[in-house]
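S.K.: Shown below is the structure under consideration.
Numbering (our numbering), first residue to last: 19 to 680.
Okay, here's the thing in structure tokens:
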């Protein structure tokens, strides 16, 4: 069963492309002083260093894919979360542009390497803009300041360390992987066959990419001499890499596979890179070059060179990476820093990869998701929400338009959008407004309801209170562990309970009653529902900055009161809007609503909606939105598992078969 195509893909594209400026989303009190984009106030760092989060710098041998977008959005969410918690925060992203893989890719396209890098780096820079990423730095390893930083770091490794701990020259031979830009030890290499040609090759067991035997004279970093220092650092920081299984992988590698690291390549084989400033016959290893980017933008080389100086925003508080580059960031990088007495980052968050409908994404299969197209199809904030909702640190994640459509309809249109219009933008004939409800709260009128709390017949009017009380702290606990999926679940639960609360208390009935308590109960109901919306919107700002800004704007929430400190019940007494017909114009035009109709995908729970019509026997009308709202209320009362079991049991046999085939 397919959702009706409500809006043409072209129209969605046109709307997305009309955005010409990023919306300002964060409250003025949370913004860093001065130009956010380039420098920090070093005099203030002695008290509270800004939060510094990084993404990997992405390799420009190909265009961006959905994994790049996910990683960058995750870093952006972490940064924005710090900001609404009152901290100054900085985000660095960019592109990695040197190495043999780039050299070969450019030659294949009959381009010089720099032009090739310019072309593809612009695609990554544009993606950060399209996805509303609030990055403060976009670094390219071809930038002059980065080249200077690498040269200085290199010379320190050569000349400032004891002989046995510094760089030395030697001959290296071993299995080299051009795709991964690294050598692999003998025990991690095995024979394989190219399926298309039957050609016998050698591959590494980690990435399964081809390796080739190389023998060459290079400079070495004595990584084996730093084994004990690394293990001591891991012992002192057992949670340094999240999740825990990745930390164990790192320890196992250091204990069992550590070898000295070849840190240059002969110019005769690799000329696209940063040359050894003292030996023009050698090109600095691309990973050494790349890893230094994180301290380049923290001021290394231009503002400081040693740990005795003010290091500005370094060390990074969090470095977000994919599982395929864990070794470089969790072994090579801290070893290089420890060698110079510099502190490693304070934490590494290692995420898994995205698959397409549970199949590994591959160019040969034609199932690689174009992130620009995805942003245009689903709009920026809904796609950010989906990526953060379905992101996972313990297993690979599945990207599917079916899943996105289902999430969009249930969680965004129904659980947030429709609830917003029910409470804050009711039909013009409704007898309530959020402004009126907030005024009633400020007047102390709700104290008259205290004696009703113990009466069973009024229990539904106070059933939302436990969820209001716990939501912000529960959301914050998940975000402290960088679990965006868990945090979103907390916000979803609060709003789903609020939908159930509104369904149970029926403010549209209270508005028409002439009972003495009806006006007071009506204002109470609207106020508690508005509080849930306000709290959830504040918490979800980092994930959906534009949509939540609009929601908070239309609820009349002061920009200064959009911090986590205000995301508590009754923490804001100065918001709300009147119920005016003109203010409901967007509601009358479904394409102007907070979450308008989108281009459809096959939705796996469409059969649930169909069965819901039968189950409800038309009690809430024929509107799909009303059915979805009722489904949310049922789940809040009975639990998702019970509702799913009930609806699955009543599905006709042919619908059950269709569901199982997806």
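Note that beta-carbon positions come from the ideal geometry of N, C-alpha and C, so glycine has one too.
1. From residue 260 to residue 366, what does the alpha carbon distance come to, in whole angstroms?
2. Who does residue 300 pair with in a DSSP beta bridge?
3. Residue 235 bridges to which residues according to DSSP?
4. For residue 51, count the other beta carbons within 10 Å of its own beta carbon; 16 or more makes it buried, fewer makes it exposed. Which is it?
5. Below 8 angstroms on the Cβ atoms is my guess for residue 307 versus residue 116; work out the distance and round it to an integer in Å.
6. In angstroms with no decimal places, state the Cα-to-Cα distance between residue 662 and residue 615.
7. Opposite residue 293 in the DSSP bridges: which residues?
8. Suppose the cutoff is 8 angstroms on Cβ atoms and the five residues either side in sequence are ignored; what does the same chain contact list for residue 428 look like?
9. May I ask you to report which of helix, strand or coil DSSP gives residue 455?
10. Check for me: the beta strand (DSSP E) holding residue 70 runs from which residue to which?
11. Measure the beta-carbon distance from residue 84 to residue 112 and round it to whole angstroms, keeping in mind my assumption that it falls under 8 angstroms.
12. With distances taken from CA atoms, which of 330, 409 and 288 is nearest residue 131?
13. Going by the beta-carbon positions, is the gap between residue 282 and residue 302 smaller than 9 angstroms?
14. With a CB to CB cut of under 8 angstroms and the five nearest residues on each side skipped, what residues in its chain are close to residue 138?
15. Between which two residues does the beta strand (DSSP E) holding residue 372 run?
16. Could you pull the DSSP bridge partners for residue 230 from this structure?
17. Consult DSSP for residue 152 and reduce its assignment to one of helix, strand or coil.
18. Using C-beta distances below 6 angstroms, list every residue in its chain close to residue 103, excluding the 5 sequence neighbours before and after it, in chain order.
19. Would residue 183 and residue 244 qualify as a contact pair, given that the criterion is a beta-carbon distance under 9 angstroms?
20. Between which two residues does the beta strand (DSSP E) harbouring residue 504 extend?
21. Should residue 331 and residue 317 be called a contact, given that it needs their Cβ atoms to be closer than 9 angstroms?
22. Tell me the residue span of the alpha helix (DSSP H) that contains residue 394.
23. Could you name the residues of the same chain whose beta carbon sits closer than 6 angstroms to that of residue 93, not counting the 5 residues immediately before and after it, in chain order?
24. Exposed or buried, residue 67, counting other C-beta atoms within 10 Å across all chains shown (16 or more means buried)?
25. Quick check: residue 305 and residue 346, are their CB atoms within less than 9 angstroms of each other?
26. Which residue marks the beginning of the alpha helix (DSSP H) containing residue 252, and which one marks its end?
27. Which one of 586, 548 and 563 has the shortest CA to CA distance from residue 574?
28. Could you have a look at residue 417 and say whether DSSP puts it in helix, strand or coil?
29. When the Cα of residue 567 is compared with those of 589, 222 and 612, which residue comes out closest?
30. For residue 200 and residue 167, what's the separation of their Cα atoms in angstroms?
31. Can you give me the C-alpha to C-alpha distance between residue 458 and residue 341, rounded to a whole angstrom?
32. Mind the definition here: the region 548-557 touches the region 433-444 only if three or more C-beta pairs lie below 8 angstroms; say whether that holds.
33. Under a Cβ-count criterion, where at least 16 other Cβ atoms within 10 Å of its own Cβ denotes burial, should residue 150 be classed as buried or exposed?
34. Between which two residues does the alpha helix (DSSP H) holding residue 493 run?
35. State buried or exposed for residue 580, treating a residue as buried only when at least 16 other CB atoms are found within 10 Å of its CB.
36. Looking at residue 349: is its Cβ nearer than 9 angstroms to the Cβ of residue 185?
M.R.: In brief:
1. In the chain shown, residue 260 corresponds to position 242, counting from 1. In the chain shown, residue 366 corresponds to position 348, counting from 1. Take the alpha-carbon of residue 260 and the one of residue 366: they are about 6 angstroms apart.
2. Here residue 300 refers to the residue found at position 282 of the chain shown. Per DSSP, 284.
3. As a position in the chain shown, residue 235 is number 217, starting the count at 1. Its beta-bridge partners are 189.
4. The residue labelled residue 51 in the question sits at position 33 within the chain shown. Here the model assigns residue 51 a pLDDT of 33, short of 50, so the residue's position is not dependable and the matter cannot be decided.
5. Within the chain shown, numbered from 1, the residue matching residue 307 stands at position 289. Within the chain shown, numbered from 1, the residue matching residue 116 stands at position 98. Confirmed, Cβ separation roughly 6 angstroms.
6. Residue numbering aside, residue 662 sits at position 644 when the chain shown is read from its first letter. Residue numbering aside, residue 615 sits at position 597 when the chain shown is read from its first letter. Looking at the two C-alpha atoms, the distance is approximately 25 angstroms.
7. If you number the chain shown from 1, residue 293 lands on position 275. Paired residues: 301.
8. Along the chain shown, read from residue 1 onward, the residue named residue 428 stands at position 410. Sequence-distant partners of residue 428 (beyond 5 residues in either direction) whose C-beta falls short of 8 angstroms from its own C-beta, in its chain, are 623, 646, 649 and 650.
9. Counting from 1 along the chain shown, the entry for residue 455 is found at position 437. Three-state result, residue 455: helix.
10. What you label residue 70 is simply residue 52 of the chain shown in a count that begins at 1. Taken as a continuous stretch (DSSP letters only), the beta strand (DSSP E) holding residue 70 covers 69-77.
11. Taking the first residue of the chain shown as position 1, residue 84 is located at position 66. Taking the first residue of the chain shown as position 1, residue 112 is located at position 94. Between residue 84 and residue 112 the beta-carbon gap is near 19 angstroms, outside 8 angstroms, which marks them as no contact.
12. Position 113 of the chain shown, counting from 1, holds the residue named residue 131. Comparing Cα-Cα distances from residue 131 to each of 330, 409 and 288, the minimum goes to 288.
13. As a position in the chain shown, residue 282 is number 264, starting the count at 1. As a position in the chain shown, residue 302 is number 284, starting the count at 1. Their beta carbons are under 9 angstroms apart, which means residue 282 touches residue 302 by this criterion.
14. Sequence index remark: in the chain shown, residue 138 carries index 120 (1-based). If we look at residue 138 and ignore the five residues flanking it on each side, its Cβ neighbours are 78, 79, 80, 81 and 113.
15. The residue given as residue 372 occupies position 354 in the chain shown. First-last of the beta strand (DSSP E) with residue 372: 372-374.
16. As a working note, residue 230 is residue 212 in the chain shown. Partner(s): 194.
17. Walking along the chain shown from the start, residue 152 turns up at place 134. DSSP places residue 152 in the coil class of the three-state scheme, outside both helix and strand.
18. Taking the chain shown and counting its residues from 1, one reaches residue 103 at position 85. 582, listed in sequence order.
19. Taking the chain shown and counting its residues from 1, one reaches residue 183 at position 165. Taking the chain shown and counting its residues from 1, one reaches residue 244 at position 226. Against a cut-off of 9 angstroms, the Cβ pair of residue 244 and residue 183 comes out as a contact.
20. As a working mapping, residue 504 is identified with position 486 in the chain shown. Premise fails: residue 504 lies in the alpha helix (DSSP H), 502-523, not in any beta strand (DSSP E).
21. Your numbering for residue 331 matches position 313 in the chain shown. Your numbering for residue 317 matches position 299 in the chain shown. Cβ distance < 9 angstroms, so residue 331 and residue 317 count as in contact.
22. Numbered from its first residue, the chain shown carries residue 394 at position 376. Membership of residue 394 in the alpha helix (DSSP H) is indicated by the continuous run 389-396.
23. Taking the chain shown and counting its residues from 1, the one referred to as residue 93 is at position 75. Contacts found: 71, 73, 109 and 338.
24. Translated into positions along the chain shown, residue 67 becomes position 49. Classification for residue 67: buried.
25. Counting from 1 along the chain shown, the entry for residue 305 is found at position 287. Counting from 1 along the chain shown, the entry for residue 346 is found at position 328. Yes. Within cutoff.
26. Translated into the one-based positions of the chain shown, residue 252 becomes position 234. Per DSSP, residue 252 belongs to the alpha helix (DSSP H) from 245-254.
27. Within the chain shown, numbered from 1, the residue matching residue 574 stands at position 556. When each option's Cα is compared against that of residue 574, the closest is 548.
28. Indexing the chain shown from 1 puts residue 417 at position 399. Reduced to three states, the DSSP call for residue 417 is strand.
29. As a first step, residue 567 must be located in the chain shown, where it is residue number 549. Of 589, 222 and 612, the residue nearest in Cα terms is 612.
30. For the purposes of this step, residue 200 is taken as residue 182 along the chain shown, with counting starting at 1. For the purposes of this step, residue 167 is taken as residue 149 along the chain shown, with counting starting at 1. Here the C-alpha atom of residue 200 lies approximately 22 angstroms from the C-alpha atom of residue 167.
31. On the chain shown, position 440 is the one that residue 458 refers to. On the chain shown, position 323 is the one that residue 341 refers to. Residue 458 and residue 341: Cα-Cα distance of roughly 53 angstroms.
32. Touching, yes, given that three or more Cβ pairs across the two stretches are closer than 8 angstroms.
33. Here residue 150 refers to the residue found at position 132 of the chain shown. Residue environment for residue 150: buried (at least 16 other C-beta atoms within 10 angstroms of its C-beta).
34. Sequence index remark: in the chain shown, residue 493 carries index 475 (1-based). From DSSP, the alpha helix (DSSP H) with residue 493 extends over 483-498.
35. By one-based count along the chain shown, residue 580 stands at place 562. With 16 or more Cβ atoms within 10 Å of its Cβ, residue 580 is classed as buried.
36. Taking the chain shown and counting its residues from 1, the one referred to as residue 349 is at position 331. Taking the chain shown and counting its residues from 1, the one referred to as residue 185 is at position 167. Contact: no.
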